[in-house]
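Undergrad: Quick one: this structure, given as structure tokens, is what I'll be asking you about.
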Amino acid sequence: MSETLIGLVSQYSPSGQEHGAVEWLVARMRSMGYDDAFIDNAGNAVGLMGKGGRQVILLGHIDTVPGEIPVRVENNVLYGRGAVDAKGPLAGFADAVAKAGAKDGWQFVVIGAVEEERDSEGARFAVNQYKPDFAIIGEPNQWDRMALGYKGSAWANVTVKRGQAHTASGEETAAEAAVQIWLKIKEHVDLFNADKQKVFDKLLLTLRGMESDSNDFEQWARLMVGVRLPVEVTPEDWYARLNDTVKGFEPLHVLAEPAGFAIPAWGCEKNTPLVRAFLSGIRSQGGEPRFVYKTGTADLNIVAPVWKCPAVVYGPGDSALDHTPNEHIDLGDYQKGVEVLRAALEKLTA
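Residues in the sequence shown are numbered from 502 upward in steps of one, following the working numbering.
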């Protein structure tokens, strides 16, 4: 049952270098009896099982962070880059759909998306190609847990400029002003978080970098500010808050500019046929189902607001091992995850 997982992990595929792994997974799905398997226009691996009008999409990602780890199995544990994040969940999708087989009136779509570890180009393409009835997103959260929410994220560059001044003037420098602005941003975030009990509901702020320079007439400093967003704060809300926070530093010129892709947070509904199918599937393997809400982001954040269908995030593996040099997955847990998925799909489409 672990052949798909071991084979996929053996295809080293950091973001931007996924093509070999995509070709391997497409060939593997064809060999397992999928009705069709192909590479789409974004470079994603896609497998189709069944031809019915109702659709379940199982969206995982096939790329990994850089850093090749020799693939080996020791004591029923598989080591290798992507074993957890997120080839374990993706291989589990491919195996579970093959085991479940085609169901009357339904189509299963397994997608191995590219570029999730960067800008989610694979998911951004797929979101406009399908309109599923149910969506399962592949991320590691242990075989007996479901994730029902992922925080959003937003990045900004806050730049402070002022006219040049003599170092003996005693005037505040652009770099000193940038420090004060950072403290003001942090004060605003601390105030917002003061009455929030759960981490999922808080703003999680980080200063990822700071630089400064000057020329004959001007000096400037730039803060690289990131934030993990709760559901109640959209990226647009955050940028408005940020702009309000950096006001009041005249005569300095302060500009807050969005950087990269902003992603809204998303929380899944708990009382759905999809969640109930997973509860049953986890119990069928002797597990006690649990729910988690994650502080990171995932392709869930990209597709769920568009598809607007019941969704969950599922996959075997310990997310604490994501991106680490010791990334590994217990093959027994992987096999339980496959059986949970198979049972959930069968119950959902019965």
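The beta-carbon is built from N, C-alpha and C at its ideal position, and this holds for glycine as well. If you're wondering where the values come from, they're calculated on a predicted model, not measured in any experiment.
For Val690 and Leu704, what's the separation of their Cα atoms in angstroms?
TA: In this structure, the straight-line span from the alpha carbon of Val690 to that of Leu704 is close to 6 Å.
Undergrad: Round the Cβ separation of Gly613 and Leu526 to the nearest angstrom and send it over; I've been treating them as touching at under 8 Å.
TA: So it is a contact: roughly 5 Å between Cβ atoms.
Undergrad: Between which two residues does the beta strand (DSSP E) holding Ser654 run?
TA: Gly653 to Gly664
Undergrad: Leaving out five residues before and five after Ala778 in sequence, what residues of the same chain have Cβ atoms less than 7 Å from its Cβ?
TA: So the list reads Ala845, Lys848 and Leu849, once near-sequence residues are dropped.
Undergrad: Excluding the five sequence neighbours on either side, which residues of its own chain have a C-beta within less than 6 Å of the C-beta of Glu618, listed in chain order?
TA: Ser516, Asp564 and Val566
Undergrad: For the putative contact between Leu706 and Leu724, defined by C-beta atoms under 8 Å, what is the C-beta separation to the nearest angstrom?
TA: Not a contact, Cβ separation roughly 11 Å.
Undergrad: Between the alpha carbons of Leu743 and Arg791, how many angstroms are there, rounded?
TA: 36 Å
Undergrad: Just the C-alpha distance for Val747 and Leu560, rounded to the nearest angstrom, thanks.
TA: 39 Å
Undergrad: Counting Cβ pairs, one atom from each stretch, are 3 or more of them under 8 Å apart for the region 634 to 643 and the region 584 to 592?
TA: In short, these stretches touch, since the Cβ pair count reaches three.
Undergrad: Going by the CB atoms, is the gap between Gly653 and Thr798 shorter than 9 Å?
TA: yes
Undergrad: Give the single residue among Gln836, Tyr580, Gln665 and Ala627 whose Cα lies nearest to the Cα of Thr540.
TA: A small correction: the amino acid at residue 540 is Ile; Thr does not occupy that position in the sequence shown. For Ile540, the nearest C-alpha among the options comes from Ala627.
Undergrad: Could you tell me if Val574 is buried or exposed, where buried requires 16 or more neighbouring beta carbons within 10 angstroms of its beta carbon?
TA: exposed
Undergrad: Assuming Leu801 contacts Ser503 (C-beta within less than 8 Å), just tell me the rounded distance between them.
TA: Going by Cβ atoms, the distance from Leu801 to Ser503 rounds to 26 Å, so no, they are not a contact pair.
Undergrad: According to the Cβ coordinates, are Val839 and Met647 closer than 9 Å?
TA: no
Undergrad: Quickly, what does DSSP pair Phe626 with across the bridge? List them, please.
TA: The partner list for Phe626 (beta bridge, DSSP) is empty, contrary to what the question assumes.
Undergrad: Buried or exposed: which applies to Asp738, given that a residue is buried once 16 or more other Cβ atoms fall within 10 Å of its Cβ?
TA: exposed
Undergrad: Could you check the C-alpha separation between Pro752 and Glu672 for me, to the nearest Å?
TA: 12 Å
Undergrad: So which of Gln608, Leu549, Ala722 and Ala676 has the shortest CA-CA distance to Ala851?
TA: Gln608
Undergrad: What first and last residue would you give for the alpha helix (DSSP H) that runs through Arg835?
TA: Sequence check: residue 835 is Tyr here, not Arg. Segment Leu832 to Leu849, the alpha helix (DSSP H) holding Tyr835.
Undergrad: If you scan the region 530 to 569 from start to end, which runs of the beta strand (DSSP E) of 3 or more residues do you find wholly inside it?
TA: 537 to 540, 546 to 550 and 555 to 562
Undergrad: Helix, strand or coil for Phe750, going by three-state DSSP, please let me know.
TA: coil
Undergrad: Val547 and Pro633 look like a contact to me (Cβ under 8 Å); what is the Cβ gap, rounded to whole Å?
TA: No, Val547 and Pro633 are not in contact; Cβ-Cβ is about 13 Å, not under 8 Å.
Undergrad: Pick helix, strand or coil for His829, following the three-state DSSP scheme.
TA: strand
Undergrad: So, under 8 Å CB-CB, Thr773 and Pro811 are touching, yes? Tell me the CB distance rounded to an integer number of Å.
TA: 4 Å
Undergrad: Compare the C-alpha of Glu712 against each of Ile686, Lys697 and Val659 and name the closest.
TA: Nearest C-alpha to Glu712: Val659.
Undergrad: Take Val841 as the anchor and find which of Trp644, Asp717, Asp823 and Tyr740 has the nearest alpha-carbon.
TA: Trp644
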